[in-house]
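First the structure, in the form of C-alpha cells, and then the observations on it.
There are 2 protein chains.
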Amino acid sequence: MLRLRRHHYPDHHRRILLRLFHHSTFHPQPLDLPLCHPTYQIWSANTSLGKTLVSAGLSSSFLLSPASSANKKFVYLKPIQTGYPHDSDSRFLFTKLPSLSLRRKFPSFLILSNSILFSSLFAAKSFLSSRDLPFQPEKFNSEMYDLNFREENRISGEEDSSVSELVCKTLFAWEEAVSPHLAAERESGGVVGDSKVIETLGKCLRDGLESEIERGKREILCIVETAGGVASPGPSGSLQCDLPFRLPGILVGDGRLGGISGTISAYESLKLRGYDVVAVVFEDHGLVNEVPLMSYLRNRVPVLVLPPLPQDSSNDLMEWFDESHNVFDSLKNIMLLAYSERIQRLCDMPKRAGELFWWPFTQHKLVPEEAVTVIDSRCGENFSVYQDQKNKFIGQQFDACASWWTQGPDATLQIELARDMGYTAARFGHVMFPENVYEPALECAELLLQGVGKGWASRAYFSDNGSTAIEIALKMAFRKFSFDHDVLVDFLGKDTTEKCVELKVLALKGSYHGDTLGAMEAQAPSPYTGFLQQPWYSGRGLFLDPPTVFMYNSKWILSLPELLYSEIVEHKDIIVHAAGGMHMVDPLFQRILVKECQNHKIPVIFDEVFTGFWRLGVETTADLLGCVPDIACYGKLLTGGVIPLAATLATNAVFDSFVGDSKLKALLHGHSYSAHALGCAAAAKSIKWFKDPQTNHNIIPERRILRELWDLDLIQQISSHRTVQRVVALGTLCAIELQAAGCNAGYGSLYAASLLKKLREDGVYMRPLGNVIYLMCGPCSSPEVCSQLLLKLYQRLEEFDKVEEKLKSC
Amino acid sequence: MLRLRRHHYPDHHRRILLRLFHHSTFHPQPLDLPLCHPTYQIWSANTSLGKTLVSAGLSSSFLLSPASSANKKFVYLKPIQTGYPHDSDSRFLFTKLPSLSLRRKFPSFLILSNSILFSSLFAAKSFLSSRDLPFQPEKFNSEMYDLNFREENRISGEEDSSVSELVCKTLFAWEEAVSPHLAAERESGGVVGDSKVIETLGKCLRDGLESEIERGKREILCIVETAGGVASPGPSGSLQCDLPFRLPGILVGDGRLGGISGTISAYESLKLRGYDVVAVVFEDHGLVNEVPLMSYLRNRVPVLVLPPLPQDSSNDLMEWFDESHNVFDSLKNIMLLAYSERIQRLCDMPKRAGELFWWPFTQHKLVPEEAVTVIDSRCGENFSVYQDQKNKFIGQQFDACASWWTQGPDATLQIELARDMGYTAARFGHVMFPENVYEPALECAELLLQGVGKGWASRAYFSDNGSTAIEIALKMAFRKFSFDHDVLVDFLGKDTTEKCVELKVLALKGSYHGDTLGAMEAQAPSPYTGFLQQPWYSGRGLFLDPPTVFMYNSKWILSLPELLYSEIVEHKDIIVHAAGGMHMVDPLFQRILVKECQNHKIPVIFDEVFTGFWRLGVETTADLLGCVPDIACYGKLLTGGVIPLAATLATNAVFDSFVGDSKLKALLHGHSYSAHALGCAAAAKSIKWFKDPQTNHNIIPERRILRELWDLDLIQQISSHRTVQRVVALGTLCAIELQAAGCNAGYGSLYAASLLKKLREDGVYMRPLGNVIYLMCGPCSSPEVCSQLLLKLYQRLEEFDKVEEKLKSC
C-alpha cells in the first residue's frame with residue numbers, strides 16, 4: 061500500500077529510515093525521579109512558540125520575587141539543543157536573568173552558572189573557536205565531544221538578602237538548526253541513544269541533591285525543556301513524548317491562527333502517553349484562543365495568556381518580561397501548588413488505601429501502612445513507585461508478578477494499546493453483542509480461531525474473566541456430555557429443570573480455575589474452598605494426583621504420585637497449576653488422559669487462562685501437549701494485560717449441542733459487557749503483536765516459540781542452591797519453591813517475606829505464594845533483563861540462606 | 061485555579077465564552093451517510109498546509125485520467141469557508157480544473173459547477189456586489205443570507221469521450237479570514253449551530269443520489285474539506301473533529317520544521333475520536349519528515365510526499381500539478397481501494413459473525429444472516445448501522461437496549477472517556493491490586509463510598525462483572541452470618557473445610573443475579589437454571605413472591621401475591637427485577653423485609669448491578685427504599701457503560717468478620733484484573749459526570765434525582781393501549797408488557813419480533829424479553845429524545861394491534 065514519492069533528499073537519510081525501523085520496538089528503561097522538589101517538563105505545541113521565554117519568565121518569578129527571602133535554586137535543563145552554539149537556550153536564561161535582576165527594586169544576590177556537557181564535533185569546534193579554547197582530541201569519544209564547559213556569574217544584591225542560584229545546563233548539542241534526529245544523524249552518526257539521554261538527564265536531576273538535603277531547606281524548582289513540538293523526534297528518532305520521563309508538564313500553546321487545533325492536539329498526544337499537564341500558556345495574537353481552549357479543558361487545566369512579543373527582533377524583551385511578570389507568577393504558583401498537592405496525595409495514599417480498599421486474597425491485619433506500595437505509573441514491565449525514605453523519589457521496580465500474571469506489553473506496545481483504547485472507546489464505546497457484529501469483536505474472534513483455536517475450534521464465546529470463561533466451558537461440556545450419552549433424550553418435550561443424573565468433573569489435584577462457585581466446584585478441596593470461604597462448595601469432581609516435573613540440583617525430576625483412576629465423567633486440564641503453587645504437570649500424562657477421555661466421548665476442557673498466549677513460551681499449550689481439547693478457556697494475557705476479557709472456544713460439535721428450534725436450548729449465559737469493544741481491540745492488537753517477529757524480538761518465527769528467556773546456567777545454579785527445593789522455568793515463568801517445613805510451608809506461609817522485601821530494594825517487585833516465589837516477565841521481555849533478575853535473586857538467596865542458618869543455630 | 065490574563069480583545073468575545081460553556085455538553089445527532097460511493101473527509105494538521113490543493117489534485121486525477129473512459133462525478137463540499145468571497149476553495153477547484161483538463165493530451169468532456177448556499181450578510185454583500193447582483197432582503201433570514209448561487213462551465217473534450225462532472229459546493233461562508241467560530245460570532249451572531257451544519261451537509265451528500273442510482277453506474281468520488289486544523293472550532297465553537305460525521309479521512313500533514321510533531325498529534329486527535337485515516341500526504345520541505353512519520357505509523361497508513369510548491373505566489377501551479385500527478389494518482393487509488401475493502405468487509409460481516417461468534421442468550425438457528433446488525437460505530441446513544449437495502453448507507457439507530465443496560469455516556473462524555481482510557485492505559489496499563497494503591501483505584505473507591513455507599517459502606521471490593529460482585533457479596537454475607545450466629549466458634553482451631561450448617565438465601569421469585577453458579581443458586585428456578593443450562597443448580601434459597609407495582613390503563617396498580625414467609629437465613633434484594641421481565645417490586649414490602657432481616661442479624665445484600673447509578677432516576681435505590689444494606693453490588697453503569705468493572709461495597713462490620721491473624725481468614729477471592737486502572741478511571745469520570753448538573757442537564761441538584769424523562773401523558777396513553785398489559789416507567793427505563801397468552805408469553809416468546817422490526821426501521825434499536833419490551837436511555841438523555849421514542853412506539857403499537865386483530869380473525 062505504501063506509495064512514497066521520493067523527492068530531493070540525500071541518500072544518507074535512508075540510513076535514518078533503516079535505523080528508525082530497526083529500533084522501532086526498543087524502549088529504554090525509565091529513570092528514577094527525585095520528588096523532594098518540583099520538577100516540570102516544558103512542552104510545546106510546535107517549534108518557536110516560546111518555551112525558553114516561559115522558562116526564563118519562571119526563573120525570574122521564582123528567584124527574583126521580592127516577597128520571599130529564602131535561599132532558592134532554579135535548575136534549568138535543556139537535554140537536546142540544536143543550532144548550537146548560535147542557539148543556546150540555557151545560555152539565554154544565564155544571560156537574561158542578571159538584567160532582569162538589576163531591574164528589580166531590590167535585586168537579589170545571585171549565583172548563576174551555565175554548562176554544556178556533550179556536543180557534536182561541529183558544534184564543539186564552533187564553540188571552542190568562539191571561546192578561543194583548544195580542541196582536545198582525547199575528549200572526542202564515540203562521535204560526541206565531552207565539552208564539559210561551565211561559566212559562572214555573580215550578581216551582588218542587597219546586603220541582607222540570601223543567596224539564590226540559577227543552574228543552567230545543556231546536555232547534548234548539535235550545530236545544525238534542524239530537528240534533533242537529523243542533526244544527530246548528520247553530525248554524530250546517531251550514537252546518542254535514548255538510554256544515554258535518559259541516563260545523563262537522570263544524573264543531572266540528582267546532581268547535588270544529597271548535599272542540598274543535608275544543607276537543609278532550600279527551595280528548588282527544576283525545569284526540563286524539550287526541543288520542538290511534543291512529538292518531535294529526539295536524537296535517536298524516538299519521539300520525545302515517548303521517552304519515559306513522565307514528569308508533570310507545562311504546555312506552551314499556540315496563539316496564532318490554527319493554534320487552537322495544534323494546542324489541543326499536542327495536549328492529547330501528551331495525555332495519550334500518560335502525562336499530566338498542569339497548565340497551558342501561550343502568547344497572545346489577538347485571536348482569543350484561550351476561550352475555546354478553556355472550553356475544551358472544562359476549566360480543569362488553567363490557561364494563561366502572555367502579552368504579544370515585540371515585533372522588533374533586536375528588542376531585549378525587558379519590558380515584555382516586566383509586562384508578563386504577573387502571568388509568570390501565576391504560572392509558578394500553579395506549579396508549586398500542583399506539586400504540593402501531588403506530594404500530599406502520594407503521602408496519604410497508603411493510609412487511604414488501608415482504610416477504603418478491600419484487597420482480594422489479603423489479610424488486611426497483616427498489611428501495615430508502610431507495606432503498601434504506591435504506584436505512580438507503569439511503563440512496559442516497570443512500576444514507577446513512590447518512595448518516601450531518606451528523601452522522596454519515584455523509583456523503578458520490575459513487575460515480576462506481571463501484574464497478577466496478566467501483563468504482556470513492553471513500553472511500545474503499551475503506548476500503541478493506549479491509542480487503540482482511545483480510538484475504540486470513541487468509535488464503539490460499548491456495543492451489545494447478541495445478534496450484532498462490529499469490527500473489534502469480529503477481528504478478535506478471527507484471530508482466536510486462526511491462532512490458539514486453529515485446527516479444532518470453530519466458535520468463540522466471550523466473557524469477562526477466567527472464572528466466567530470456566531463457568532461457560534462447564535456448561536458447554538455438561539451439555540455435550542449429556543447429548544453424547546443420551547442423558548437428555550428430548551430437549552423440549554420434558555421438564556428440563558428435573559435432575560437427570562449427577563455430573564462430575566475429572567480434574568487434577570492442586571488445580572485452580574477461579575473463585576466463582578462453579579469454577580470452585582471443579583477444583584479439589586484447598587484453603588480456598590473451605591466452609592470459611594464458601595459454605596456452598598462441595599467439590600464436584602474426581603481429583604487425580606498427577607505426576608509433576610521440576611528441576612532440582614541442576615537436573616529435571618519427574619515426580620510420580622500414587623495414581624487414582626476411576627470412572628470419569630469429564631475432564632479439566634492445565635499444564636501448569638499456577639495458583640496451586642506453580643506445579644508443572646507431566647505433559648505425557650496429560651496427553652494420555654486427554655486421549656482416554658476423548659475415546660470415551662468425555663469432553664475435554666483446557667484451562668489456558670494462565671498458560672495461554674506465550675506465558676509458557678508457546679501461543680497455546682496444545683502445542684506442548686500434542687493434543688487438542690473440545691473446549692478451551694483464555695483470559696489474562698489475551699488482551700496483552702491491560703483490560704479484562706475472556707474467551708471460551710469450542711468445537712463445532714460442542715456448539716451443535718445447543719442448536720435447535722427453541723431459545724431455551726441455547727446457552728443462556730451472558731454478561732452485559734460480552735465481547736466489549738475495548739477488550740476485543742486490545743486482544744486483537746496484542747495477539748498480532750506477540751506473534752509478529754517484527755514487533756516481538758523473542759519470537760523464533762519458523763518454530764512459533766519464544767527463545768529461552770531464562771539463562772540455563774543461572775537456573776541450574778539456583779536449582780542447586782541449598783535454600784531451593786525445586787525450580788520450574790518455562791516461557792515467561794520462573795518459579796522457585798523454597799525449602800520449608802512446618803508452618804513455613806503452604807499458602808498461608810510468610811516465610812519468603814524477608815527475601816522479597818530485599819528484592820524490592822533491588823528494584824524487583826515480587827509476591828509469594830506461600831513458600832513458592834516466582835519471576836514472571838512478558839512475551840517481549842529481553843533475556844538480558846531476565847538474567848539480571850535471576851542474578852539479583854541468586855544474590856539475595858545467598859543472604860537469605862545465611863540469615864536462616866543463623867536463626868536455626870540460635 | 062484559573063488565572064487568565066485578559067489582554068486586548070474586545071468585549072463581544074466574552075459572549076463566545078459564555079455560549080461555548082453553555083453548549084459544552086450539547087451534541088447534535090449524527091447523520092445518515094451514503095456508502096454507495098467513497099466519501100472522504102480531508103483533514104489538516106494546521107491551517108494553510110494545502111488541503112484544497114490535495115482536493116484539486118484528487119479531482120484532476122479522478123476526472124482527467126486518460127485510462128478510464130467511464131462517466132465520472134467528483135463532488136467537492138466545503139461546509140465552512142471563511143475569508144469569503146476572496147477565499148473560496150470550491151471556486152479554486154472550479155476554476156483550476158478546466159486549465160488542468162486542457163493540458164491533457166486527450167481532454168475530457170467536462171461539466172463543472174460551483175455553488176454557494178448560505179453566507180453571512182457581509183460575505184453576501186461582498187459577493188453580490190462583485191457579481192453585480194442585487195441584494196434581496198427577503199433572503200436574509202436568521203442572520204444568514206440564502207445566496208443559493210450556482211455557476212456552471214463546460215469543457216468540450218474528445219468527441220468519443222464520456223461526460224464527466226465536477227460539482228463544487230460551499231455550504232456556509234463568512235467574510236473575515238479568521239477561525240470560523242470568530243467569524244460566525246462577529247458576522248452572524250453564532251446562529252449556525254452544529255445541527256444546521258450537519259443537516260445541510262447530509263442533504264448535500266444525499267443530493268441527486270437517487271437519480272444517480274437509477275441512472276446506473278457512474279463512478280463517484282466525494283470529498284468533504286474541513287477548515288483549519290483537525291481540532292479547529294467550527295462556527296458554533298464545537299471542534300470540527302467532535303462533529304459526528306465520522307467519515308474516513310485523509311490527513312494533510314506538515315512538511316516543515318516542527319511538522320512531524322504537529323502531524324502526529326493531529327493524527328492522534330482524529331484517532332481519539334474514532335476516525336479512520338487512510339493516508340497522510342504533505343508538501344516536501346526537504347526535511348524528510350516522511351521517515352519518522354512512516355516509523356510512527358508502522359507502515360500501516362501510507363505516507364505520500366508532494367513536491368515543494370513554487371515560491372512565487374503568482375504561479376498558476378500548472379507545472380506543480382503536472383509534477384504531482386503520480387502522487388495524486390497513488391492517493392486516489394489508496395482511497396478507492398480502502399473504500400472497496402471497507403464495503404467488502406461490511407458486506408461479509410453478518411456471514412462471518414454467524415460462522416464464528418457464539419452469542420450469549422441466542423439461539424443461533426433463529427438468527428438468519430439478514431437479521432444480524434452490523435454496527436460501524438456508536439456515538440453517544442446512537443448506533444451507526446451499516447445498511448444494504450436499495451442502496452448502501454450508514455443509518456442511525458437509537459440504542460434503546462442501552463447496550464445491554466450498561467450504556468450511559470452522551471457523545472461528549474464518550475469522547476472524554478476515550479481520552480481518559482488512552483491516558484490511563486498509557487499511564488497505568490494494568491497494575492495488580494493487592495497491597496497496592498494507584499490513583500484511579502483510590503479515586504474510584506472514594507467516589508463509591510462517598511456516593512452510593514454514603515452513610516453505611518466503609519469498604520470497596522472490586523471485581524469484573526455483576527456475577528462476580530454477587531459471588532463476592534454472598535461470601536461476605538455467609539461469613540458475617542456465621543460470625544454473628546456463632547456458626548464458626550474458632551476460625552483457626554478447627555477444620556474449616558467441614559460443613560457446619562446449611563446456609564440458604566432469602567430472595568425474591570423472578571429475580572436474576574447473574575449466570576455463574578453461585579449467583580444462579582441465589583435465584584428461583586427459571587428457564588435459566590434448568591438441568592439443560594446448569595446441571596449443578598439446586599436453588600439454595602427461600603424464594604418469596606413479592607408484590608409488584610405497575611401502570612395499567614393510566615393507573616398505578618399494586619399486585620399482591622400470596623406471601624410466603626418462613627425462617628430466613630439471608631436476604632437478597634432488588635427494586636426492579638430486570639432480566640426477570642422488568643417487574644418493579646413494591647418498595648414498602650422491600651423496606652419491611654430489610655428491617656426484619658436486620659432485626660434478626662441477617663445480612664442484607666442490595667443487588668444494584670442493574671438499578672444503580674441513575675438507572676432508576678437516583679444514584680442508589682437505597683434512596684427510594686429508605687433503608688440501607690449491609691452489602692451492595694454495582695456494575696454496568698458504574699463505568700458509564702464502556703468497560704466492565706464491578707464493585708461490592710460492605711459495612712465495617714462485614715469487613716471485620718474477615719480480619720484476623722491468618723491469611724486463611726481473609727476473603728480468598730479475586731480476579732487478576734481486580735480494580736483495573738481503565739475500569740476505575742472510567743468509573744471515576746462517569747460517577748462525577750452523571751451527578752454534576754454542569755455536565756448532566758437532567759440532574760435536579762437540590763433533590764439529587766433525575767428529572768422525569770418519560771412524558772406522563774404518553775406513558776398513560778401507552779398503558780391504556782389495548783395491546784399493553786402493564787407499563788413500568790422509572791428513571792431511564794420504560795418497560796412495556798404486551799398482552800399475550802400461551803406460547804406468546806414468557807421468555808422464549810418471539811411475539812414482539814415483528815413490532816421491534818418495524819421500530820428498527822424508525823431508527824429505534826430494541827430487543828425483547830419475551831413479550832416484554834423496553835426503552836432504555838442514559839442518565840444524560842434528553843426528555844425530547846425520549847418523547848420521540850415513545851411516539852414512535854405508540855404509532856407502531858397501533859399498527860401491531862391491527863395486524864394481531866387480523867391474525868386472530870383469520
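Residue numbers (our numbering), protein chains in the order written: chain A, 61 to 870; chain B, 61 to 870. Cβ atoms here follow ideal geometry from the backbone N, Cα and C, with glycine treated the same way. Treat the numbers as computed from the prediction; the structure is a model and nothing was measured.
{"Query": "Could you name the residues that DSSP lists as bridge partners for B/A471?", "Result": "BP columns for B/A471 are empty, so no partner."}
{"Query": "Does any C-beta atom of chain B lie closer than 8 Å to the C-beta of A/C461?", "Result": "yes"}
{"Query": "Rank B/L118, B/E821 and B/S722 by C-alpha distance to the C-alpha of A/Q423 and give the top, closest one.", "Result": "B/S722"}
{"Query": "Which value, in whole angstroms, describes the spacing of the CA atoms of B/V688 and B/T466?", "Result": "24 Å"}
{"Query": "Can you tell me whether DSSP reads B/N106 as helix, strand or coil?", "Result": "coil"}
{"Query": "A/E581 touches chain B at which residues, Cβ-Cβ below 9 Å?", "Result": "L577 and W596"}
{"Query": "What are the complete beta strand (DSSP E) segments, minimum 3 residues, inside the stretch 511 to 576 of chain A?", "Result": "519 to 523 and 565 to 568"}
{"Query": "How big is the Cα-Cα spacing for A/A737 and B/P704?", "Result": "11 Å"}
{"Query": "When DSSP labels each residue in this structure, what does B/Q848 get in the three-state scheme?", "Result": "helix"}
{"Query": "Between the C-alpha atoms of A/P6 and A/L602, what's the straight-line distance to the nearest angstrom?", "Result": "Since the first and last residues shown for chain A are 61 and 870, residue 6 of chain A lies out of range."}
{"Query": "Around the C-beta of B/C504, are 16 or more other C-beta atoms found within 10 angstroms, so that it is buried, or is it exposed?", "Result": "buried"}
{"Query": "In terms of residues, what are the limits of the beta strand (DSSP E) holding B/M836?", "Result": "V832 to M836"}
{"Query": "For a test of the three-state rule: what should DSSP assign to A/W873, helix, strand or coil?", "Result": "There is simply no residue 873 of chain A to check, as chain A begins at 61 and stops at 870 in what is shown."}
{"Query": "For the stretch 296 to 303 of chain B against the stretch 445 to 458 of chain A, do three or more pairs of beta-carbon atoms, one drawn from each stretch, fall closer than 8 Å, so that the two count as touching?", "Result": "no"}
{"Query": "Spell out whether any CB of chain B is found under 8 Å from the CB atom of A/S121.", "Result": "no"}
{"Query": "Could you name the residues of the stretch 492 to 503 of chain B whose beta carbon sits closer than 9 Å to any beta carbon of chain A, in the order they occur along the chain?", "Result": "M492, F493, P494, E495, N496, V497, Y498, E499, A501 and L502"}
{"Query": "Could you name the residues of chain B that A/M642 contacts, counting a contact when the two beta carbons are closer than 8 Å?", "Result": "Going along chain B, no residue has its Cβ under 8 Å from A/M642, so there is no contact; the nearest lies around 15 Å."}
{"Query": "Please report the residue range of the beta strand (DSSP E) in which B/E279 lies.", "Result": "E279 to E285"}
{"Query": "For B/V863, which three-state DSSP category applies?", "Result": "helix"}
{"Query": "When DSSP labels each residue in this structure, what does B/M611 get in the three-state scheme?", "Result": "strand"}
{"Query": "Under 8 Å between beta-carbons, which chain A residues line up against B/Q474? List them in chain order, please.", "Result": "A485, A486 and G489"}
{"Query": "If we ignore side chains and look at the alpha-carbon of each, how far apart do B/L123 and A/G489 end up?", "Result": "39 Å"}
{"Query": "For B/G59 and A/V491, I'd like the C-alpha separation in whole angstroms.", "Result": "Residue 59 of chain B falls outside the range modelled here, since chain B spans only 61 to 870, and no answer is possible."}
{"Query": "Would you call A/H146 buried or exposed, if buried means 16 or more other Cβ atoms sit within 10 Å of its Cβ?", "Result": "exposed"}
{"Query": "Does the distance from the C-beta atom of B/L207 to that of B/F182 stay below 8 Å?", "Result": "no"}
{"Query": "Quick check on the burial criterion: 16 or more other C-beta atoms within 10 angstroms. Buried or exposed for B/I760?", "Result": "exposed"}
{"Query": "Following the continuous beta strand (DSSP E) through B/S437, name the residue where it begins and the one where it ends.", "Result": "T433 to C439"}
{"Query": "Going by C-alpha distance, which of B/R651, B/P663 and B/Y694 is nearest B/F670?", "Result": "B/Y694"}
{"Query": "Measure the alpha-carbon distance for A/V252 versus A/K199 and round it to whole angstroms.", "Result": "16 Å"}
{"Query": "Cα separation between A/K185 and A/R333?", "Result": "38 Å"}
{"Query": "Could you please give me the residues that DSSP links to B/A713 through a beta bridge?", "Result": "B/A713 is not bridged to any residue."}
{"Query": "Considering only the alpha carbon of each residue, which of B/K655, B/Q848 and B/R764 lies closest to B/L774?", "Result": "B/Q848"}
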